[in-house]
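So the structure is just underneath, and the comments pick up after that.
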Ligand code: HBI
Ligand code: FE
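In the working numbering, the protein residues as written are 3 to 299.
In structure tokens form, the structure reads like this:
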């Protein structure tokens, strides 16, 4: 694919990567429409691709007990038979009945505004291509395994599903307020790398950890990283890492807390966060503020 071809088709908007530098995103954007969705190209999958999916799924599934939150474990079977890459339409049908969400196919990473618009319409974009065998342990851009296994199960949870929609609506506003960087931190530290405090102990709910071979156990059980209570303004001041396991994880006590944090208008929140950043600076990954409570494992 060439970003140029997508440019003509997608009304002058080139596909963008986020936080990955200037490398063009992987995926064939020529087949996408103006909203960046396309049909799942099921014919592209070779037997080796289904095998990659099957092995990734099996490796993650056996790690879930004691590390993933109950809502995720309960819903993961909704993805269907783990032997082959699922047909998105089949999952979508079940998801629509459960929470009114659908999954739609995209060629890969899409621009923020298009991404937010889909979430706000309760449509979750899922990439259809799968990583190459040599990328089995780590793939830079989200592929079908990350998007499906990591993100889709929690869309079956009503509260989390509402949070995702609220996030998308907030994103459309943030684009107009030039606050996407602050809002992207919220996505990163919750939807991708969030932990939740439960009666049984800390558990993961973030898709980045749940779809990672090593980080799932690391995030929940390693003494290495810092784990701090979810606080919206603190979080928006916090830088994150894209090239290693996270040095800081934010812990929520429920999905309700997450949803409620996104209910107020963020306009004054962004203003306050910007003020704090200009007076006290951003917070580096791994740094704990004086007096801040940490979750000890
Ligand atoms: N596109 N396909 C896809 N998947 C994502 O997770 C994604 C994206 N585009 C933008 C984006 N995420 C980020 O900007 C989020 O931080 C909001
Ligand atoms: Fe993701």
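Positions of the beta carbon are idealized from the N, C-alpha and C atoms, including for glycine.
How many angstroms separate the CA atom of residue i from the CA atom of residue j?
i           : j           : result
residue 226 : residue 126 : 33 angstroms
residue 55  : residue 76  : 20 angstroms
residue 244 : residue 190 : 10 angstroms
residue 25  : residue 112 : 14 angstroms
residue 136 : residue 271 : 43 angstroms
residue 187 : residue 233 : 12 angstroms
residue 208 : residue 239 : 19 angstroms
residue 70  : residue 290 : 25 angstroms
residue 72  : residue 258 : 15 angstroms
residue 298 : residue 242 : 21 angstroms
residue 178 : residue 53  : 43 angstroms
residue 28  : residue 143 : 8 angstroms
residue 280 : residue 292 : 19 angstroms
residue 231 : residue 254 : 6 angstroms
residue 63  : residue 158 : 17 angstroms
residue 294 : residue 49  : 50 angstroms
Helix, strand or coil: which one does DSSP assign to residue i?
i           : result
residue 199 : strand
residue 70  : strand
residue 281 : helix
residue 111 : coil
residue 9   : Unreliable positioning characterises residue 9 in this predicted model, as indicated by a pLDDT of 31, which lies under 50. A coordinate reading is not provided.
residue 243 : coil
residue 220 : helix
residue 229 : strand
residue 251 : strand
residue 271 : helix
residue 296 : strand
residue 211 : helix
residue 42  : coil
Excluding five sequence neighbours on each side, which residues of the same chain lie with their C-beta closer than 8 angstroms to the C-beta of residue i?
i           : result
residue 182 : 114, 173, 176
residue 235 : 271, 274, 275, 278
residue 57  : 138
residue 204 : 197, 198, 222, 229, 253, 297, 299
residue 37  : 116, 119, 120
Cutting at 6 angstroms between CB atoms, please list the residues of its own chain near residue i, excluding the five before and the five after it.
i           : result
residue 160 : 101
residue 164 : 261
residue 141 : 133
residue 148 : 213
residue 42  : 90, 107, 130
residue 59  : 84
Can you find the residues in the same chain that come closer than 7 angstroms, C-beta to C-beta, to residue i, ignoring five residues on each side of it along the sequence?
i           : result
residue 98  : 104
residue 145 : 129, 131, 132, 133
residue 228 : 249, 250, 288, 290, 296
residue 14  : Legend: pLDDT at residue 14 = 34, less than 50; position of this residue unreliable, value from coordinates given subsequently. Around residue 14: no qualifying Cβ.
residue 224 : none
residue 237 : 187, 188, 191, 252
Checklist entry - Is there contact here, the segment 92 to 100 with the segment 67 to 82, by at least three beta-carbon pairs under 8 angstroms? => result Cβ pair count under 8 angstroms is three or more, so yes.
Next on the checklist: Just to confirm the assignment: which complete alpha helix (DSSP H) runs, minimum length 4, are found wholly within the segment 47 to 102?
Outcome noted: 49 to 63, 72 to 77, 90 to 101
Next on the checklist: Taking contact to mean 3 or more Cβ pairs, one atom from each stretch, closer than 8 angstroms, check whether the segment 267 to 284 and the segment 163 to 170 are in contact.
Outcome noted: Contact between the segment 267 to 284 and the segment 163 to 170 is absent: fewer than 3 CB-CB pairs across the two stretches fall below 8 angstroms.
Next on the checklist: Taking 8 angstroms as the cut-off, does the segment 273 to 291 touch the segment 237 to 256 (at least 3 CB pairs, one atom from each stretch)?
Outcome noted: yes
Checklist entry - Counting only runs that start and end within the segment 126 to 209, where is the beta strand (DSSP E) found for 3 or more residues in a row? => result 197 to 200, 203 to 206
Next on the checklist: Across the segment 151 to 159 and the segment 216 to 225, are there enough close Cβ pairs to call them in contact, namely three or more that are closer than 8 angstroms?
Outcome noted: no
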